[in-house]
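What follows is a set of notes on a single structure, which appears directly below.
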């Protein structure tokens, strides 16, 4: 009698059916098509916003410059609100 722990099991084949093969090819084709479409549309290319470096403390007429920038910002917000 043979020891059951020593018996080699038959290896399962790695053959696939043609249905599975064609299904994989179709999925790959769809994936590549989607990748090309997204690249063409520019999906995921969100650029980084530039940070405002601010105004140095020793800048001449700093208060005047800040008030000008604030006025520009308010005018821009008003224009956006009017456009809506």
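Numbering (our numbering), first residue to last: 76 to 159.
Think of the CB as a built atom: it goes at the ideal place given N, C-alpha and C, for glycine as much as any other residue.
What would DSSP say about residue i, mapped onto helix, strand or coil?
i           : result
residue 113 : helix
residue 85  : coil
residue 133 : coil
residue 101 : helix
residue 127 : coil
Whole angstroms is fine: what's the gap from residue i's alpha carbon to residue j's?
i           : j           : result
residue 155 : residue 122 : 22 Å
residue 112 : residue 106 : 10 Å
residue 125 : residue 99  : 43 Å
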